[in-house]
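Novice: Please read through the structure below; I'll follow up with questions.
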Amino acid sequence: MKEINLEQKEFWNEKKGKIWVSLGPRIDDMFGPLGDEALRVLAPKKGENVLDVGCGTATTSFKLAGLLGEKGSVTGMDISKPILECAKQKAKENSIKNIEFVLADAQNHYFMADSYDAIFSRFGLMFFDDPVAAFSNLLKGLKSRGRLTFVCWADRSANDWIEVSTNIATKFLELPPKAAPRDPGPFAFEDPLYLNEVLSNAGCNKILIENYSATNVVGKNTKEAAEFLSRMGPMSLPFEDSEVSVQRKVIDSLEKCFADYVTIRGVEMKFSTWMVTAYKA
Ligand SMILES: C[S@@+](CC[C@H](N)C(=O)[O-])C[C@H]1O[C@@H](n2cnc3c(N)ncnc32)[C@H](O)[C@@H]1O
Numbered sequence: 013m014k015e016i017n018l019e020q021k022e023f024w025n026e027k028k029g030k031i032w033v034s035l036g037p038r039i040d041d042m043f044g045p046l047g048d049e050a051l052r053v054l055a056p057k058k059g060e061n062v063l064d065v066g067c068g069t070a071t072t073s074f075k076l077a078g079l080l081g082e083k084g085s086v087t088g089m090d091i092s093k094p095i096l097e098c099a100k101q102k103a104k105e106n107s108i109k110n111i112e113f114v115l116a117d118a119q120n121h122y123f124m125a126d127s128y129d130a131i132f133s134r135f136g137l138m139f140f141d142d143p144v145a146a147f148s149n150l151l152k153g154l155k156s157r158g159r160l161t162f163v164c165w166a167d168r169s170a171n172d173w174i175e176v177s178t179n180i181a182t183k184f185l186e187l188p189p190k191a192a193p194r195d196p197g198p199f200a201f202e203d204p205l206y207l208n209e210v211l212s213n214a215g216c217n218k219i220l221i222e223n224y225s226a227t228n229v230v231g232k233n234t235k236e237a238a239e240f241l242s243r244m245g246p247m248s249l250p251f252e253d254s255e256v257s258v259q260r261k262v263i264d265s266l267e268k269c270f271a272d273y274v275t276i277r278g279v280e281m282k283f284s285t286w287m288v289t290a291y292k293a
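Residue numbers (our numbering): 13 to 293.
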């Protein structure tokens, strides 16, 4: 089989995978309301079989397992071994039975035809080097007229949580060059026309892409927010690899900047996403 998505495989299996696992609860606080909105749009029914792509540590897979009931089932799929190990451990600890995990690349995994009533993802579908091939492949596993519902990031400049913190970090850290539009990465689908074209070329119909924006808490206070966001987005690996004195400067500057975002709930920043629904023809 042709090797694909090599950079992303390395990224999510090496240091980033470990950082992601260690930040699990904080990521869930931040992504929680966005994932919950995507689950509301999906409207899972008892007894359905659902695939959760790029499931990560499986918070949404566990929610789905509960919503689908014991006659339904969830398959969590991810390319990262350390992240999936964490998901499996949580399923074991919580004795969740109607769930299975598959370590695989969703772009070329062999799906049995008509396996799923629906495919879902919370920020796990933007990392393919050939998105049309990936969505076409996913559709193979979906039943006829089955639905695909996912949330992905919209316009990067409308996402303060990453834009503001990256602008600060760039003063102290050498960050990777900004990804070109459409390159695999968190903002691959920020252009909704391109996203629509990808889904349509992959064979989806009745495509609906709606903006969902919110302000979410990224930390109870500026210190917590700075320590969290310094380990998210493009600064996470350069921050991890930098000297303690540099890390201190980054944290101090982030804390100062985040003072402008303090509300009664904590540090609140803007998030802008696409809530996407499409069907297999
Ligand atoms: C931003 S994280 C989101 C994780 C999880 N859905 C959540 O909301 O916490 C993206 C996830 O997609 C996974 N991923 C990236 N490319 C993938 C691919 N081609 N096939 C399957 N999973 C992939 C990564 O390993 C990572 O766990």
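C-beta atoms are modelled at their ideal positions from N, C-alpha and C, and glycine is treated no differently. Source: prediction; values computed, not measured.
Spell out a yes or no on whether the segment 266 to 273 and the segment 221 to 240 are touching, meaning 3 or more CB-CB pairs, one atom from each, closer than 8 angstroms.
Specialist: Touching, yes.
Novice: What are the uninterrupted segments assigned as alpha helix (DSSP H) that are 4 or more residues long and contained completely in the segment 123 to 171, given in chain order?
Specialist: Listed in chain order, they are 143 to 153.
Novice: Using the rule of at least 16 other Cβ atoms within 10 Å of the residue's Cβ for burial, across every protein chain shown, is M124 buried or exposed?
Specialist: Taking the first residue of the sequence shown as position 1, residue 124 is located at position 112. Exposed, by the Cβ-count rule.
Novice: Opposite Y295 in the DSSP bridges: which residues?
Specialist: In this structure the chain extends from 13 to 293, so residue 295 is not present and cannot be described.
Novice: Does the Cβ of N149 lie closer than 7 angstroms to at least one heavy atom of ligand 1?
Specialist: The residue labelled residue 149 in the question sits at position 137 within the sequence shown. No.
Novice: Look at the Cβ atom of I62, then the Cβ atom of A146, and state whether they are nearer than 8 angstroms.
Specialist: Walking along the sequence shown from the start, residue 62 turns up at place 50. Walking along the sequence shown from the start, residue 146 turns up at place 134. Sequence inspection shows Val at residue 62; the Ile mentioned does not correspond to that position. No; because the gap between Cβ atoms is not below 8 angstroms, this pair is not in contact.
Novice: Looking at C67: is its Cβ nearer than 8 angstroms to the Cβ of A99?
Specialist: On the sequence shown, position 55 is the one that residue 67 refers to. On the sequence shown, position 87 is the one that residue 99 refers to. For C67 and A99, yes; Cβs fall inside 8 angstroms.
Novice: Tell me whether the beta-carbon of S284 lies closer than 8 angstroms to the beta-carbon of N223.
Specialist: Working through the sequence shown from its first residue, we reach residue 284 at position 272. Working through the sequence shown from its first residue, we reach residue 223 at position 211. Yes; because the gap between Cβ atoms is below 8 angstroms, this pair is in contact.
Novice: Can you tell me which residues form a DSSP beta bridge with T285?
Specialist: By 1-based counting over the sequence shown, the position of residue 285 is 273. W165 and Y224, per the DSSP bridge assignment.
Novice: Given that a residue counts as buried once 16 or more other Cβ atoms are within 10 Å of its Cβ, and exposed if not, what is V256?
Specialist: Translated into positions along the sequence shown, residue 256 becomes position 244. V256 comes out exposed.
Novice: Does the segment 80 to 89 touch the segment 46 to 62, meaning 3 or more C-beta pairs lie closer than 8 angstroms?
Specialist: Verdict: yes, contact present.
Novice: Give every residue of the same chain whose Cβ lies closer than 6 angstroms to the Cβ of E112, excluding the five residues on either side of it in the sequence, and list them in chain order.
Specialist: Here residue 112 is taken as the residue at index 100 of the sequence shown, counted from 1. So the qualifying residues of the chain are T87.
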